[in-house]
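Peer 1: As given, the protein sequences belong to chains A and B, one line each in that order. Sequential numbering of the first sequence, starting at 116, is according to our numbering. Sequential numbering of the second sequence, starting at 2, is according to our numbering. Glycine is no exception: its CB is placed at the ideal position from the N, C-alpha and C atoms.
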Amino acid sequence: MIGKSTIVWVCLATVASGILYHTSYRVQEQAERLSSINRQIVAEQEAIQVLKAEWAYLNDPARLERLVAQHTALKPVQVAQMVTLDAIPEKLPEGVLVAEAPAAAAPAPRTQVAAAAPTKTDAAKVAAKPAPKKTDAPKAGGAKPAPQAAPVDGPVLLARYGARR
Amino acid sequence: MTDADFSLTGFDIAGIDRRQNARPEGRVRLQSRAAHALEQGRARLIVTAAMFGLAFGTVGLRLVDVMVLNRGAEPGAGRAVTAGAPQASRADILDRNGVLLATSLTTASLFADPKLVIDAEEAARKLVATLPELDYRTVLAELTSDKRFVWLKRNLTPRQQFEVNRLGLPGVSFQKEERRIYPQGNLAAHLVGFTGVDNNGLMGMEQSFDKRLKENPQPLQLSVDVRIQHILRKEIMATMEEFSAIGGAGIVQDVKTGEILGFVSLPDFDPHIPGDMPDDTRFNRASLGVFEMGSTMKILNTAMALDSGHVKMTDSFDATRPIRVGRFSISDYHPENRWMNVPEIFRESSNIGSVKMAQVVGPQGQREFMQRIGFLKPAQIEIPEVGWPLIPNPWKEVNLMTVSFGHGISISPVQLTNSVSAVVNGGIMHPATLLKREKGEEVPGTRVVSAKTSEEIRKLMRLVVTDGTAKQAFMEKAALAGEVPSYMVGGKTGTAEKTRGRTYVKNARLSNFVGAFPINDPRYTIFIMIDEPKGTKKSFGYATAGWTAAPAARRVIDQIGPLLGVKPVNLTAPDVVEAMAIDGMRGTLASY
């Protein structure tokens, strides 16, 4: 009798200690992984901080202004370029109107988005067009051909940005 | 069971005693000699059992506590790093749109232990090839020196660190250091300030929010907008260059919240190397410098006179001859030599008329008004570089006269801008702030002039732009004819002679312009000051504000208008003309 219960208890203790050691080693392993991941996170955070600083540095308005002048025909929005919503005619007889960017070499007039529309500006309300802000990243990349739009109902203005080389 | 006569344990085993005396007794009984030892043994057994019970009980309880009750809070368990929280010891500074103005980077600094360097010549050669800014001879001298630690280069870029690491030089190692970086460079140098080598703020917001930046890792968001700041700085710089000026300042303020969107002082410095620049570059002209502003003070003088209730817009004042005070004489720049009403005095910027208007209020009233608009104390903004205004003491009749046209009182640009914002926005003064206000946040404010006075001042400021000293800067034929829309700007120019010692110098002027737009319902005020401009051929030798500060302001407004969502209007539209018309005045617009 004594022998039997002792055997049971010894077996139980062996199994328990086996499980305990197994668990303990797994915990150790996990802890090592955690600390390595933590180190990685810190390194990534530092890298992110560096990239943020570089992003801010590269987006310096003065630099963007220089690049925009160099690579595109974009200029700051002029007051004259703003037209009222009423000044845009209901429908253009020609269909789609394309405002061409001037060649890069010639100091040509600005991208006349507004000039395409008749300058009937007697309304008080002005449609502040989503003008290309100066600090926005320029849509560089040469002269993309304007998509050949299918006949449309409303008035459409297409502006081709970017200098042609 | 046994036949032994005695027992070692002291127990009298059954049968022995019974044979001697036949008394019926219990089988086991205590003999008096053994009883004591027995008691002692029992007591010892109980104590030991209790001790063991207690020990095992404690272990058991602790096991339950650790395994069942206290899960997860095991000591020594690693913690995950909070994602997103910057590890730097100093928080970032952002502009109102979240553009980085200042940040801390962990950089690697290169050092060497000369004792461990095997081949100093080779190491020096390789290092100089990788970091061309190092000098071969200096590096070699360092590497062959007798020390155990020498700095080779502080704050390497990650790329440089990688390159040096790839060389695989023994004895050369990196030390992590923290460095403050200002990605926008000079752009907001006076505002953001800079830190010293030990990462303590030494100027601007870095200084005034030093504790906050160190303790709270959340970024500090300022009210300035980098785009507006850039445009303002660019235009002031261009004007300074054109007129060979020695300095300049510019401020753009939101009149409804008091937030400062642009804050420029020129010349400025690179916050990474503040010590290497001339001392003058670190001088903050926009808030630390106090100046006699000249005619721009007439906005406040007129507001004071109109708000006192004793002067009406239609009142006329005698400006036929100069005013003599002791050995001084106060005259006009463009003498009209006639009686003028309030709008005419304002438009022509008549000193004589302004003095007469101020005399109606008196020195006490004037002082009281100046106190109300905050000219007797330094401006309440967040940076430490704030100048004390120079005010007359005692405030006598002669001071009243000079103050009325902006002399004898020196204030900082930020004070002037803030007071003009208050006068045009309906009469409520909101404290100027360099921190971004949250949307819907309650803006503190105190009334300084009545809404009626504010409206009259707006009309007067518009008059200066349409018909007065700022006309050539703002009014073009196309805009006047209604062919192109234009921003509704109102403003006032001011040109003051600077003092050197006790006398005024003719050729050292301070030209400034303060304006608000759109003037029919102002949202922003703009202040531009050019320090000592010299006339050019193009300006026919003039260096007055109408030729220097006002055109700069116009260019700034034209560029920041779209960014701020201000709509330009057609100047010939009847409602626009009507809104700004002054009774009894026929201006350019009315005649078209």
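How would you label Arg448/B, buried or exposed, when you count the other beta carbons within 10 angstroms and need 16 or more for buried?
Peer 2: exposed
Peer 1: From this set, Thr107/B, Thr131/B and Lys116/B, which residue's C-alpha is nearest Glu178/B's C-alpha?
Peer 2: Looking at the Cα atoms, Thr107/B is the closest of the given residues.
Peer 1: For His231/B, return the contacting residues in chain A, with the cut-off set at a CB-CB distance below 7 Å.
Peer 2: Pro176 and Ala177
Peer 1: Measuring alpha carbon to alpha carbon, tell me which residue in Thr573/B, Lys539/B and Asp532/B is nearest Ala480/B.
Peer 2: Thr573/B
Peer 1: Please classify Ala223/A: is it buried, with 16 or more other beta-carbons within 10 angstroms of its beta-carbon, or exposed?
Peer 2: Any reading at Ala223/A needs caution, since the residue's pLDDT is 42, under 50, leaving its predicted position unreliable; the model's value is listed next. Taking a 10 Å sphere around the C-beta of Ala223/A, we find fewer than 16 other C-beta atoms and assign the residue as exposed.
Peer 1: What do you get for Val125/A, buried or exposed, if any count of 16 or more other CB atoms within 10 angstroms of its CB means buried?
Peer 2: So Val125/A ends up on the exposed side.
Peer 1: Counting C-beta neighbours from all protein chains within 10 Å, is the total for Pro414/B 16 or more, i.e. buried, or is it exposed?
Peer 2: buried
Peer 1: Could you confirm whether any beta carbon from chain B is found closer than 8 Å to the beta carbon of Lys167/A?
Peer 2: yes
Peer 1: Can you check the region 28-69 of chain B for any alpha helix (DSSP H) of at least 4 residues that lies completely inside it and give the ranges in chain order?
Peer 2: Listed in chain order, the complete alpha helix (DSSP H) runs (minimum 4 residues) inside the region 28-69 of chain B are 33-65.
Peer 1: Within 8 Å of any Cβ in chain B, is that where the Cβ of Pro191/A sits?
Peer 2: Under the 8 Å criterion on CB atoms, Pro191/A is classed as interfacial with respect to chain B.
Peer 1: Using a Cβ cut-off of 7 Å, pull out every chain B residue sitting near Tyr172/A, in sequence order please.
Peer 2: Pro184
Peer 1: Can you check whether the CB of Arg234/B is closer than 8 Å to the CB of Leu188/B?
Peer 2: With respect to the 8 Å criterion, Leu188/B and Arg234/B are classified as neighbours on the basis of their beta carbons.
Peer 1: By the DSSP assignment, the beta strand (DSSP E) with Gly502/B in it spans what residues?
Peer 2: First-last for Gly502/B: undefined, no H or E at that position.
Peer 1: Tell me the DSSP secondary structure of Phe406/B in three-state form.
Peer 2: The DSSP-derived three-state label of Phe406/B is coil.
Peer 1: Checking 8 Å against the spacing of the C-beta atoms, do Phe514/B and Ala544/B come in under that value?
Peer 2: no
Peer 1: Take the Cβ of Arg167/B as the centre, count every other Cβ of all protein chains shown within 10 Å, and call the residue buried at 16 or more, exposed below.
Peer 2: exposed
Peer 1: Could you tell me the distance, in whole angstroms, from the CA atom of Ser174/B to the CA atom of Leu55/B?
Peer 2: 57 Å
Peer 1: With a threshold of 16 other CB atoms inside 10 Å of the CB of Leu117/B, please say whether the residue is buried or exposed.
Peer 2: exposed
Peer 1: Kindly say whether Arg228/B, judged by its beta-carbon, lies nearer than 8 Å to any beta-carbon of chain A.
Peer 2: yes
Peer 1: Name the chain B residues whose beta carbon is nearer than 7 Å to that of Ala195/A?
Peer 2: What Ala195/A touches in chain B: Val485.
Peer 1: Which full runs of the alpha helix (DSSP H) of 4+ residues lie inside the region 449-501 of chain B, going along the chain?
Peer 2: 452-468, 472-475 and 478-481
Peer 1: Quick one: residues in its chain with C-beta nearer than 6 Å to the C-beta of Met581/B, no 5 flanking neighbours on either side, listed in chain order?
Peer 2: Lys460 and Arg463
Peer 1: Going by DSSP, what residues sit across from Tyr525/B in a beta bridge?
Peer 2: According to DSSP, Tyr525/B bridges with Asp255/B and Phe518/B.
Peer 1: Can you tell which of Leu262/B, Thr258/B and Arg348/B has its C-alpha closest to the C-alpha of Gln230/B?
Peer 2: Of the candidates Leu262/B, Thr258/B and Arg348/B, the one whose C-alpha sits nearest the C-alpha of Gln230/B is Leu262/B.
Peer 1: In the structure shown, what three-state DSSP assignment does Glu383/B receive?
Peer 2: coil
Peer 1: Taking 8 Å as the threshold (C-beta atoms), are Asp316/B and Val291/B in contact?
Peer 2: Taking 8 Å as the Cβ cut-off, Val291/B and Asp316/B do not qualify as a contacting pair.
Peer 1: Among residues of its own chain, excluding the 5 on either side of Asp237/A, which ones have a beta-carbon nearer than 7 Å to its beta-carbon?
Peer 2: At Asp237/A the pLDDT is 39, less than 50, meaning the model places this residue with poor confidence; the figure from the coordinates comes in the next sentence. No residues qualify anywhere along the chain.
Peer 1: Just curious, the alpha helix (DSSP H) that Leu173/A is in, first and last residue?
Peer 2: Where Leu173/A is concerned, the enclosing alpha helix (DSSP H) stretches over Ile117 to Leu173.
Peer 1: What ranges does the alpha helix (DSSP H) occupy inside the region 248-311 of chain B, keeping only unbroken runs of at least 4 residues that lie completely in it?
Peer 2: 299-308
Peer 1: List the residues of chain A whose Cβ lies closer than 8 Å to the Cβ of Gly107/B, in chain order.
Peer 2: According to the sequence shown, residue 107/B is Thr rather than Gly. Neighbours of Thr107/B on chain A, chain order: Glu161 and Gln164.
Peer 1: What separation, rounded to the nearest whole angstrom, lies between the Cα atoms of Arg286/B and Ile384/B?
Peer 2: Distance between the alpha carbons of Arg286/B and Ile384/B is about 13 Å.
Peer 1: If you measure from the beta carbon of Ala232/A to each beta carbon in chain B, is any gap under 8 Å?
Peer 2: Reliability fails at Ala232/A, whose pLDDT of 40 lies under 50, so the model's placement of it is uncertain and the value that follows must be treated cautiously. When Cβ-Cβ separations below 8 Å define contact, Ala232/A makes no contact with chain B.
Peer 1: Hey, does Leu101/B have any beta-carbon neighbour from chain A nearer than 8 Å?
Peer 2: yes
Peer 1: So the candidates are Ala103/B, Glu477/B and Trp152/B; which of them puts its Cα closest to the Cα of Phe112/B?
Peer 2: Trp152/B
Peer 1: Go ahead and pull the three-state DSSP assignment for Gly441/B.
Peer 2: coil
Peer 1: Thinking just about the alpha-carbon of each residue, which of His191/B, Trp340/B, Gly409/B and Phe244/B is nearest to the one in Ala497/B?
Peer 2: Gly409/B
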